[in-house]
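Note sheet for the following structure.
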Amino acid sequence: LDLSSNSLTGVVENIPWGTLNYIEISNNRLTGRLPIISSPYTQFFLAANNNFTGPIDSSICNLTSLWVLDLSNNSLSGDFPHCLGSLNSGLNLLNLGSNNIHGTLPTNFSKCDNLRYLDISSNRLQGQLPRSLARCTNLQAINLRSNELKDEFPYWLHTLPFIRLLDLSSNSFHGHINNVSGFHPYPALQILDLSSNNFSGKIPTTYINKFQAMTRIIDHHGFPQYMESNVSMLWPYYSIILTFKGVQLPYEKIIETLSFFDLSNNAFEGEIPEYVGQLVAIQGLNLSHNRLTGHIPPSIGSLSSLDSLDLSSNMLTGGIPHELASLTFLEVFNVSENQLEGPIPQGNNFDTFSSDSYKGNLALCGDPLPECGGSSAPFILVMYGLWTTRVTTTFALFSLILKVHVNTKL
């Protein structure tokens, strides 16, 4: 039964479920409570993008044949149904994203051998990540963005062999991400988004450098070698919101070649490690709004697939490496609000970036900023310094004369 995208309105009451195994009522304007499904044969239930309200009825726990459950983009509330953690071993996709569900996640993820996609983003879930998620060994995507989760970085998920996407952004994850040696964590990870949390310390060089999928270019068959046998038929049912090239965009399905790395809006400190130049498969790198210091590593110029680079709002010094001009796919470049100096690289896409990409770096010069030398930015800064020195000296002299005058009067 497929009634999707028909502008249907009103409340769903009595549906003759019978032996239906596929039910889709997505992309309508349906309201009221979710319909109670009574058929034990139902394998697909898709009711996304409606206006359903209220809690998810406990009858959902009786759907022992369920394979795909997508209730995303509604106004559902109430606690997260803990039975979904051990509903049945056939559940492949669970998407409750963009609702108003609260409470904690179930601690008993046990019957999840086939669970590939877990999306509970944009809700009000609290507490920690259940360690039992590590039992779901076929997971390919975990999207927990925009909740109220509070935990440390989940090292214990690193053994999941097929995980491509891990999105923990906009929560309250905290602490250091330490270097761990002796194994290859997250071997298939393509998208890591830890933005807008409370992580601190240095960027873990040797740990993230072992993310194999980010260090390998796509082979001639169109898929990386590590995922050739894992392309799933479920991609058409899964969509996420990704912040890419500075804009939040919906991806109806994750393109198998998409890869990016986002640590923005945290409290990371220290230098940007040279190893980032080995993440040759990524298209997006966002380290903005941290406390990073030191120079921009020239090795970033080796990221030949990069089309979005954001290092803004840190405390970076030195010049912009000329190696970055070789990034021919670079469409978004932002190093604003740092302490960079010297000439801006020229050529290729650097000829297209506006002055907004460099604002807040008073010692940078060259197109699109004032030219270097003569009436250049550094010259202006020197003149500004001389002017402020002259004003300060004049003010000090005036204060001295005033003090002498007052003493004379006395």
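Per the working numbering, the sequence shown starts with residue 607, numbered consecutively. Each residue gets a CB set at the ideal place from its N, CA and C atoms; glycine is no exception.
| Item | Value |
| --- | --- |
| CA-to-CA distance, Q818 to F658, given in whole angstroms | 41 Å |
| Neighbourhood of L766 by C-beta distance below 6 Å, restricted to the same chain and skipping five residues each side | L745 |
| Outcome for S835 when other beta-carbon atoms lying within 10 angstroms are tallied against a minimum of 16 | Legend: pLDDT at S835 = 33, less than 50; position of this residue unreliable, no value from coordinates given. |
| Euclidean distance between Cα positions of L690 and C667 | 7 Å |
| Buried versus exposed, by CB contacts within 10 Å (16 or more), S802 | buried |
| Span separating the alpha-carbon of P646 from that of I707 | 25 Å |
| Bridge-paired residues (DSSP) for E877 | T899 |
| Limits of the beta strand (DSSP E) - the one that Y628 falls within | 628-630 |
| Own chain, CB closer than 6 Å to G781, minus 5 neighbours either side, in chain order | E758 |
| Residues of its chain near S610, where Cβ-Cβ distance is below 8 Å and the 5 sequence neighbours each way are ignored | E630, I631, S632, N633, N634, L652 |
| Straight-line Cα distance separating G703 from N729 | 7 Å |
| Proximity winner among S778, L772, L763, relative to K756 (alpha-carbon distances) | S778 |
| As assigned by DSSP and simplified to three states, the class of A747 | strand |
| Length of the line joining the Cα atoms of L936 and G924 | 21 Å |
| Integer-rounded CB distance, given that N784 should sit under 8 Å from Y881 | Rounded, the Cβ-Cβ distance is 15 Å, inconsistent with contact. |
| Candidates N720, N753, S716, G900, of which the one nearest Q734 by Cα | N753 |
| Ordered list of beta strand (DSSP E) runs contained in the region 688-771, each at least 3 residues | 699-701, 708-710, 723-725, 730-733, 747-749 |
| Closest residue to S918 among G616, R897, G638, I809 (Cα-Cα distance) | R897 |
| Where the beta strand (DSSP E) through I926 begins and ends | I926 -> no beta strand (DSSP E), and no H or E assigned at all. |
| Alpha-carbon spacing of H901 relative to N655, whole angstroms | 46 Å |
| 8 Å contact criterion, which I797 and S865 should meet: CB distance rounded | 6 Å |
| G948 - DSSP class collapsed to helix/strand/coil | strand |
| Environment of Y761 [buried if 16+ CB atoms lie within 10 Å] | exposed |
| Which listed residue (L693, N944, S644) has its alpha carbon closest to that of K717 | L693 |
| CA-to-CA distance, F939 to L700, given in whole angstroms | 36 Å |
| Delimiting residues of the beta strand (DSSP E) encompassing I797 | 797-799 |
| Which of helix, strand or coil DSSP assigns to D773 | strand |
| Range of the contiguous alpha helix (DSSP H) that encloses T812 | 811-814 |
| Coarse secondary structure for L1008, derived from DSSP in three states | Note that L1008 scores 37 on pLDDT, short of 50, meaning its location in the model is unreliable; the coordinates nonetheless yield the value given after this. The answer is helix: DSSP assigns L1008 an H, G or I state. |
| Cβ pair S914, G890 closer than 7 Å | yes |
| For S681, three-class secondary structure by DSSP | strand |
| Assumed close pair S678, D725 - CB separation to whole angstroms, cut-off 8 Å | 7 Å |
| Buried versus exposed call for S775 [16 or more other C-beta atoms within 10 Å across all chains shown] | buried |
| Element boundaries [beta strand (DSSP E), containing C971] | 969-971 |
| Closest residue to T743 among S727, T821, A794, G709 (Cα-Cα distance) | A794 |
| Start-to-end residues for the beta strand (DSSP E) that takes in F805 | 804-808 |
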